[in-house]
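Asker:
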Amino acid sequence: YGSFATTDVYASGNWKTNKAGIYYFVNRNSGNGYELDPATPEKTLDPYYNYTVQFKLSYQFSNRTKLVLNNRYFYGWQDSYYAINDKNINIAGGGRTNDHTINPVLTHQFSDKVKTRISLVGSGFRYVQQLDSLKNGARYYYDSFEQGFWRAENQTDWQLGKHTLTIGGGATYQTVATTRYRERKTQSIFHAFAQDEWRINNHFLLITGLRYDHNTDFQSRLSPKLALQWKPANKWQINASYGAGFKAPDFRQLYLSFVNNAADGYSIYGASEFSIAELQRQMNLGLVAQILPAAYQITTLKPEISNGFNLGVHFTPNNAIRAELNLFRNDVSNLINYLPVATNANSTSVFSYVNVNRAFTQGLESNIKWQLTKAISVQAGYQFLLSGDKAILKKVKSGSVYGRDYEGGPARLMQRSDYSGLLNRSKHMANLRVFYEGAQGIQASIRAIYRSRWGVIDRDGNAFANRDDEFANAQIQVNATIGKRIAQRWMMQIGVNNLFNQFDARFLPNIPGINYFTSVIYSFKK
Numbered sequence: 070y071g072s073f074a075t076t077d078v079y080a081s082g083n084w085k086t087n088k089a090g091i092y093y094f095v096n097r098n099s100g101n102g103y104e105l106d107p108a109t110p111e112k113t114l115d116p117y118y119n120y121t122v123q124f125k126l127s128y129q130f131s132n133r134t135k136l137v138l139n140n141r142y143f144y145g146w147q148d149s150y151y152a153i154n155d156k157n158i159n160i161a162g163g164g165r166t167n168d169h170t171i172n173p174v175l176t177h178q179f180s181d182k183v184k185t186r187i188s189l190v191g192s193g194f195r196y197v198q199q200l201d202s203l204k205n206g207a208r209y210y211y212d213s214f215e216q217g218f219w220r221a222e223n224q225t226d227w228q229l230g231k232h233t234l235t236i237g238g239g240a241t242y243q244t245v246a247t248t249r250y251r252e253r254k255t256q257s258i259f260h261a262f263a264q265d266e267w268r269i270n271n272h273f274l275l276i277t278g279l280r281y282d283h284n285t286d287f288q289s290r291l292s293p294k295l296a297l298q299w300k301p302a303n304k305w306q307i308n309a310s311y312g313a314g315f316k317a318p319d320f321r322q323l324y325l326s327f328v329n330n331a332a333d334g335y336s337i338y339g340a341s342e343f344s345i346a347e348l349q350r351q352m353n354l355g356l357v358a359q360i361l362p363a364a365y366q367i368t369t370l371k372p373e374i375s376n377g378f379n380l381g382v383h384f385t386p387n388n389a390i391r392a393e394l395n396l397f398r399n400d401v402s403n404l405i406n407y408l409p410v411a412t413n414a415n416s417t418s419v420f421s422y423v424n425v426n427r428a429f430t431q432g433l434e435s436n437i438k439w440q441l442t443k444a445i446s447v448q449a450g451y452q453f454l455l456s457g458d459k460a461i462l463k464k465v466k467s468g469s470v471y472g473r474d475y476e477g478g479p480a481r482l483m484q485r486s487d488y489s490g491l492l493n494r495s496k497h498m499a500n501l502r503v504f505y506e507g508a509q510g511i512q513a514s515i516r517a518i519y520r521s522r523w524g525v526i527d528r529d530g531n532a533f534a535n536r537d538d539e540f541a542n543a544q545i546q547v548n549a550t551i552g553k554r555i556a557q558r559w560m561m562q563i564g565v566n567n568l569f570n571q572f573d574a575r576f577l578p579n580i581p582g583i584n585y586f587t588s589v590i591y592s593f594k595k
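So the sequence shown is numbered by our numbering: it starts at 70 and just counts up by one.
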């Protein structure tokens, strides 16, 4: 139980015999919402509740054959309240989410050198939102989105001397229906892959691979992969890799119409579902406050094609310390990026998807794990990231892009130093976690997460963030917990999230400020 009447109650357990096993998990999560901007009659987040049920059944037919059946069901409801052309709430309703997935997996070991795996996935997703007038009960707004997803896949591994050969393939069938399309949309996807893992000797491992993707709505693509692992000494490991990627827009990126459940009320529209006319209609209804320049960039999505290079070094001087450093560069054609296209009446954002014709990301990542003592461990990480739209960056360098420093200010020529890269990406990110587990059953942890400021929105139409009001402020989130295990069955815990009470009502409405919680866990043991 925590601040804002947030409750999270769950039960889990398992049962196992020589051949069969059962695992279950049941969870209820709810909250009363919160308000970050008292000037508006609407809450930043309205009350909500969610239920999640997971069930896993496993059966060992023999020493060589095993079946695992995974099953998950999610149900969520979020209230919605609006003050449309009024100082008081006059429109009310909510959004309902149903999401069910079933995933049987069969594995069979033909011999010590041949193993196969067959996986089936079936899922159904449905979201419905309805808003009614509190004055006369008439329907004010209605929207629905339904998706079906089915996939069958096989993977077989052969051990051939120093080589491990992996081949496989599968098929995917999707359907989608929304209130804005008369006909149900369908899509079929087929893929095949092959990979060879060659352990040359104790120092070198070479991996080569090839993947083929065929999509009935988009072009086919063949994507190669090459990776090399080198261990020059026991304490050192160097990895280098190249991989080509192909990602067709999924149905949600194309057709989704959704208001986020149990987060901050933001809206997402797939690129094919999106329309300026619909935003204008919602503006006339009072649901949308402003349409942004980026809304006019939304067109039909194309598949994303990428080429990625990575170089990593791992260093393990002893059993207590492990450090790694990774350099990366990715060049992407038609990068599928999400960006805000409008602002709702309650100050949350409306998002959609757009292709960036030629984009890049590059930088470095570093992580270290250090077991200081038997009771104390430390983990730390850092990422430096540069990103950009190559076409926009070229125009900036050539002196043909203008922007404004503030709303209504004079236009000026943008310099290279003004270009902040792709939206929603911070240049610097870091994290630090210290964990303590004492002999008396006491556990404590403190975690700090830093994110430098990042561009969120484009208000002056130059396709990147350059004004102060287009950036989310840098954030340091500090979370701390302390707990004690009692008599092996009870675990009592208290904690605080966002210790420094940092929040941004405009760009980070999902962070409610400082909040406290307490939890009690009881374990049934036989």
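Ideal placement from N, C-alpha and C gives every residue a C-beta, glycine not left out.
Quantities reported herein were computed from a predicted structural model and do not represent experimental measurements.
Ends of the alpha helix (DSSP H) at residue 483?
Answerer: Here residue 483 belongs to no alpha helix (DSSP H), and DSSP marks it neither H nor E.
Asker: Between the C-alpha atoms of residue 264 and residue 278, what's the straight-line distance to the nearest angstrom?
Answerer: Those two C-alpha atoms are separated by around 4 Å.
Asker: So, for residue 309: in the same chain, excluding its five sequence neighbours on each side, which residues have a beta-carbon less than 6 Å away from its beta-carbon?
Answerer: Excluding residues within five positions, the ones whose Cβ falls inside 6 Å are 297 and 380.
Asker: As a quick exercise: from 478, 481 and 526, pick the residue whose alpha carbon is nearest that of residue 489.
Answerer: Checking every option, the nearest Cα to that of residue 489 belongs to 526.
Asker: How far does the beta strand (DSSP E) with residue 135 in it reach, from first residue to last?
Answerer: Note, residue 135: beta strand (DSSP E), 134-151.
Asker: Within 10 Å of its beta-carbon, does residue 218 have 16 or more other beta-carbons around it, so buried, or fewer, so exposed?
Answerer: So residue 218 counts as buried.
Asker: Which of helix, strand or coil does DSSP assign to residue 269?
Answerer: Three-state DSSP puts residue 269 in coil, outside helix and strand.
Asker: What number of angstroms, rounded off, separates the C-alpha of residue 184 from the C-alpha of residue 227?
Answerer: Cα to Cα, the separation comes out at about 7 Å.
Asker: Along the chain, where does the beta strand (DSSP E) containing residue 208 start, and where does it finish?
Answerer: Run containing residue 208: 208-229, per the beta strand (DSSP E) assignment.
Asker: Three or more beta-carbon pairs under 8 Å between the stretch 187-207 and the stretch 157-169, yes or no?
Answerer: A contact exists between the stretch 187-207 and the stretch 157-169.
Asker: Taking C-beta to C-beta, are residue 97 and residue 119 nearer than 9 Å?
Answerer: Taking 9 Å as the Cβ cut-off, residue 97 and residue 119 qualify as a contacting pair.
Asker: Apart from the five residues just before and just after residue 385, which ones in its own chain have a Cβ nearer than 6 Å to its Cβ?
Answerer: Contacts found: 304 and 391.
Asker: Check residue 347 in the structure and name its three-state DSSP category.
Answerer: Reduced to three states, the DSSP call for residue 347 is helix.
Asker: In the DSSP assignment, find the unbroken beta strand (DSSP E) run with residue 89 in it and report its ends.
Answerer: Unbroken beta strand (DSSP E) run through residue 89: 89-100.
Asker: Using a Cβ-Cβ cut-off of 7 Å (strictly less than) and excluding sequence neighbours within five positions of residue 460, which residues of its own chain qualify?
Answerer: Excluding positions up to five away in sequence, the list reads 426 and 427.
Asker: Looking only at its chain, what residues have a beta carbon closer than 7 Å to the beta carbon of residue 79, apart from the 5 residues adjacent to it on each side?
Answerer: Result list for residue 79: 94, 95 and 96, in chain order.
Asker: Which value, in whole angstroms, describes the spacing of the CA atoms of residue 332 and residue 180?
Answerer: In this prediction, residue 332 scores a pLDDT of 41, lower than 50, which makes its location untrustworthy; the coordinate-derived value is nonetheless stated afterwards. Roughly 49 Å separates the two Cα atoms.
Asker: Counting pairs of beta carbons, one from the stretch 572-588 and one from the stretch 533-546, are three or more of them closer than 8 Å?
Answerer: They touch, by the three-pair rule.
Asker: Report the rounded CA-to-CA distance for residue 325 versus residue 193, giving the unit in angstroms.
Answerer: Cα to Cα, the separation comes out at about 14 Å.
Asker: Is DSSP giving residue 21 helix, strand or coil here?
Answerer: In this structure the chain extends from 70 to 595, so residue 21 is not present and cannot be described.
Asker: First and last residue of the alpha helix (DSSP H) that includes residue 125?
Answerer: Looking at the DSSP string, residue 125 is not in any alpha helix (DSSP H); the run it does join, the beta strand (DSSP E), is 117-129.
Asker: DSSP beta-bridge partners for residue 502?
Answerer: Answer is 448 and 516.
Asker: Which residues does DSSP pair with residue 561 in a beta bridge?
Answerer: Paired residue(s): 553 and 589.
Asker: Quick check: the Cα distance between residue 72 and residue 484, rounded to an integer number of angstroms?
Answerer: Those two C-alpha atoms are separated by around 45 Å.
Asker: Can you list, in chain order, the residues of its chain whose CB lies under 7 Å from that of residue 86, leaving out five sequence neighbours each side?
Answerer: Within the same chain, residue 86 has no close Cβ partners at all.
Asker: What span of residues does the beta strand (DSSP E) with residue 243 cover, start to end?
Answerer: Note, residue 243: beta strand (DSSP E), 232-247.
Asker: How is residue 77 classed by DSSP in three states: helix, strand or coil?
Answerer: Strand, per DSSP.
Asker: Helix, strand or coil for residue 161? Go by DSSP, reduced to three states.
Answerer: Residue 161: strand per DSSP, three-state reduction.
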